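Novice: Before anything else, here's the structure in question.
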Amino acid sequence: MPHNDHWRAYRKQFHSAFRPRELEVLRPLILGALDQFLHCLATTPDQFSAHIRSYTSNVLSTFVYGFQQSVDTADPILTLMNANIEEFNEKVWDNVCLVDLLPISKRVPPNWPGAAFMRLGLGQRRKMDEVVQGMYDRLRAAMTEGKATSCVVTRSLEHRVSTGELSSAEEELIKRNAAVSFIAGTDTTNSALFNIFLAMSMHPEHQTRAQAELDLVTGGTRLPEFGDKPSLPFIEALVLESLRWHPPAPMGGPSSSCSRGWSVIIGNIGGMLHDPSYFENPKEFNPNRFLASQGRRREDLELLVMDVFGLGRRICPGRHLASDSIWITIAQTLSSFTVRKALDADGNEADPPVQFTAGLTSHPIPFRCHILPGDNALKSGHDEARGL
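In numbering that gives the first Met the number 0, the protein residues as written are 0 to 387.
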């Protein structure tokens, strides 16, 4: 999108929805969805990948659209969205880059020979429009029936109505922004959580240290809370290292220049965070690099890792939400479970593949792991909270 008044309107609306103070409202929603996630993980640990996807969708759909989706239930719109994201990363992304490099190619008629990239892009757009409109229509129906709960979209609509500013253009802006925040937020958070599960299965020494830190703070009798974050520097280091080790979006998307006649390079986030000048042995997963003597945090390196959320004016408005949700998810998961390598047919641990997909967002290729329940008291606490 060009850097113009239209872009600035989208940006302003985005920032209003993701102000840090909004996170205080969101944290109870995260904890509610997280409780369901941990219960599902205890019940069917072999389906951890599906549980992660359902959990992140639940958090974002509740915050953006007010839907409290059960993590046990497949949603046709979310199923279409996830399939569309996979298709975009696998088939469409390279063609998007082609159109950016050769803008004239976007004028090629889709029915011409060799124009498969145009047909693919148009098909992708139609399917994504189904997701955008489907989520919005569902919320508008709930509002009409008086069943909608407060969320980003309802607050934005109510504000525009109260000021007499709800034109069709404003409504379209709200609808599109909601979909972008929902789709982008779920996919990148999924990637970050998959990375941590993969890393924990490969590095039991880091997991053991994290669990010891958690036990020291919680006494092993409760789950960690957001207020415990300053007392859990190694958990924070785990999160930072997972983002650095393999960023969810290792190549930032191409951005239009603010000045006419100039261009902007595509930010090689993955390369920056693997620069040996700043990160010794960059391919190694080592959370200790973010801790100085006596457990103090390396704030200089932390600032570099924040580049995963974008640069300058294009920095992700939802970065505070993403950081919060990833941190509490890992803290509570490691308090309740231990993640190990999967077992082969002979009962021996098998190394998982350490390979990642290509595309605008990148995920570990499908892998298996062995998830074991931790302290029984913590598991019982989940069951009691759910009335099970």
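Just so it is clear, CB atoms sit at the ideal spot from N, CA and C, and this is done for glycine as well.
If you're wondering where the values come from, they're calculated on a predicted model, not measured in any experiment.
Mind checking Asn375: buried by the 16 CB within 10 Å criterion, or exposed?
Specialist: Only weak support is given to the placement of Asn375: the predicted model assigns it a pLDDT of 44, under 50, and the value that follows is read from those uncertain coordinates. Burial call: exposed.
Novice: Count the other CB atoms, across all protein chains shown, that sit within 10 Å of the CB of Ser149; report buried if there are 16 or more and exposed otherwise.
Specialist: Exposed.
Novice: Restricting to runs no shorter than 4 residues, where is the alpha helix (DSSP H) found entirely within the region 291–372?
Specialist: Runs of the alpha helix (DSSP H) inside the region 291–372: 298–304, 318–335.
Novice: Return the chain-ordered list of same chain residues with a C-beta closer than 6 Å to the C-beta of Arg243, the five sequence neighbours on each side being excluded.
Specialist: Excluding residues within five positions, the ones whose Cβ falls inside 6 Å are Leu272, Val304.
Novice: To the nearest angstrom, report how far apart Arg52 and Ala32 are at their CA atoms.
Specialist: The straight-line gap from Cα to Cα measures roughly 12 Å.
Novice: Using a Cβ-Cβ cut-off of 6 Å (strictly less than) and excluding sequence neighbours within five positions of Tyr181, which residues of its own chain qualify?
Specialist: Looking at the sequence shown, residue 181 is not Tyr but Phe. Cβ within range, chain order: Leu59, Val63.
Novice: Indicate the three-state DSSP secondary structure (helix, strand or coil) for Cys150 in the structure shown.
Specialist: In the structure shown, Cys150 sits in coil (DSSP, three-state: anything other than H, G, I, E or B).
Novice: Looking at the unbroken alpha helix (DSSP H) that takes in Leu192, where does it start and where does it end?
Specialist: Where Leu192 is concerned, the enclosing alpha helix (DSSP H) stretches over 167–201.
Novice: Taking the straight line between their C-alpha atoms, what separation do you get for Met127 and Ala211?
Specialist: Rounded to whole angstroms, Met127 to Ala211 spans 44 Å at the Cα level.
Novice: Could you check what DSSP says for Trp111 in three-state terms: helix, strand or coil?
Specialist: Trp111: coil per DSSP, three-state reduction.
Novice: Tell me which residues share the same chain as Leu138 and place their Cβ nearer than 7 Å to its Cβ, disregarding the 5 neighbours each side in the sequence.
Specialist: Cβ within range, chain order: Tyr64, Gly65, Ala147, Val152.
Novice: Relative to the C-alpha of Glu298, which residue among Val24, Pro232, Phe336 is closest?
Specialist: That would be Pro232, whose Cα lies nearest to the Cα of Glu298.
Novice: Using a threshold of 8 Å, state whether the C-beta atoms of Leu237 and Ala209 are closer than that.
Specialist: Yes, they are a contact pair.
Novice: Could you give the distance in angstroms between the alpha-carbon of Val131 and the alpha-carbon of Asn267?
Specialist: Approximately 29 Å, taken between the alpha carbons.
Novice: Tell me the DSSP secondary structure of Ser48 in three-state form.
Specialist: Reduced to three states, the DSSP call for Ser48 is helix.
Novice: Leaving out five residues before and five after His369 in sequence, what residues of the same chain have Cβ atoms less than 7 Å from its Cβ?
Specialist: Here the set comprises Arg339, Lys340, Ala341, Leu342.
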